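Residue numbers (the UniProt record's numbering): 1 to 257.
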């Protein structure tokens with residue numbers, strides 16, 4: 001489970017007001033796999049956590065709720081479910097400040113990633129942390145996005161913008177926000193992507209291409225699978241695709257004056 005790598009990147013301790021919940025905001029939380037790793041890390045040090053989930057897909061929210069319902073540890077978290085896009089959420093006036101705000105593989109799916117980063121930063125409490133994970137342009141996964149953009153980037157065939165971690169770093173640089181980065185190399189088991197009628201494989205391919213329902217686009221799907229097959233290794237019967245995640249961490253206390 002590649003999301004487990006995020007656990008080590010979450011700060012061990014986050015300052016919050018005595019007697020209050022540690023407040024967490026998740027942007028584009030999907031079905032909660034990454035969130036659950038982050039929340040469990042926080043619960044090791046904080047007894048009371050409030051988690052606001054912003055996710056436009058009702059289907060993914062229901063999966064997230066089912067994940068929570070089946071995990072006794074997550075039962076200690078107070079959840080606030082918001083079925084909204086990131087743009088809709090930040091257009092709503094809200095004075096709540098959060099101690100941790102994260103967006104994990106989300107900023108490909110918004111039109112203006114700079115405005116979303118600004119909204120996240122504005123809702124961050126003093127001393128809080130903003131945690132963004134983006135695909136690096138290195139490795140097979142970065143190469144896949146370059147390939148798809150070259151082939152299908154004209155018009156509206158690709159449903160998401162071509163962005164990498166460098167785009168986030170440039171936004172933070174322009175705003176004078178200091179950050180630290182780390183790059184995680186991983187091998188994603190993509191075997192299911194090559195099995196006919198595999199729901200898990202279809203969802204994984206959607207994720208890797210950042211294209212919802214990519215299986216309904218035969219030409220894009222075929223190009224993606226051909227590239228993945230040609231840039232993967234076979235180990236113990238598994239097809240492993242090389243990828244690099246860049247994790248970008250900023251603290252409000254690091255803001256340049």
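Note that beta-carbon positions come from the ideal geometry of N, C-alpha and C, so glycine has one too.
Model, not experiment: these values are computed from the prediction.
Query                                                                                                                        : Result
Three-way DSSP call (helix, strand, coil) for residue 242 in this model                                                      : strand
Those residues which DSSP pairs with residue 124 across a bridge                                                             : 98
Residues bridged to residue 130 [DSSP beta-bridge criterion]                                                                 : 101 and 250
Beta strand (DSSP E) segment containing residue 26, residue limits                                                           : 22-27
For residue 194, the first and last residue of its enclosing alpha helix (DSSP H)                                            : It is not in any alpha helix (DSSP H) - residue 194 carries neither H nor E in the DSSP assignment.
Member of 12, 19 and 58 whose CA lies at the smallest distance from the CA of residue 38                                     : 12
Distance between residue 113 and residue 168 (C-alpha atoms, nearest Å)                                                      : 8 Å
Alpha carbon of residue 102 to alpha carbon of residue 184, nearest angstrom                                                 : 17 Å
Closest Cα partner of residue 43 within the set 54, 67 and 76                                                                : 76
Residue 122 versus 93, 150 and 240, residue with shortest Cα-Cα distance                                                     : 93
Reduced DSSP category for residue 262 - H, G, I as helix; E, B as strand; rest coil                                          : Here the chain has residues from 1 to 257 only, and residue 262 is not among them.
Secondary structure of residue 91, DSSP reduced to three states                                                              : helix
Alpha-carbon to alpha-carbon, residue 199 and residue 188                                                                    : 17 Å
Exposure label - residue 141; buried when at least 16 CB within 10 Å                                                         : buried
Cβ distance (whole Å) where residue 34 is taken to contact residue 139 below 8 Å                                             : With 8 Å as the limit, residue 34 and residue 139 do not qualify as a contact, their Cβ atoms being about 19 Å apart.
Neighbourhood of residue 207 by C-beta distance below 7 Å, restricted to the same chain and skipping five residues each side : none
8 Å contact criterion, which residue 178 and residue 246 should meet: CB distance rounded                                    : At roughly 16 Å, the Cβ-Cβ gap does not stay under 8 Å, so residue 178 and residue 246 are not in contact.
Any 3 or more C-beta pairs closer than 8 Å across the segment 55-72 and the segment 18-31                                    : yes
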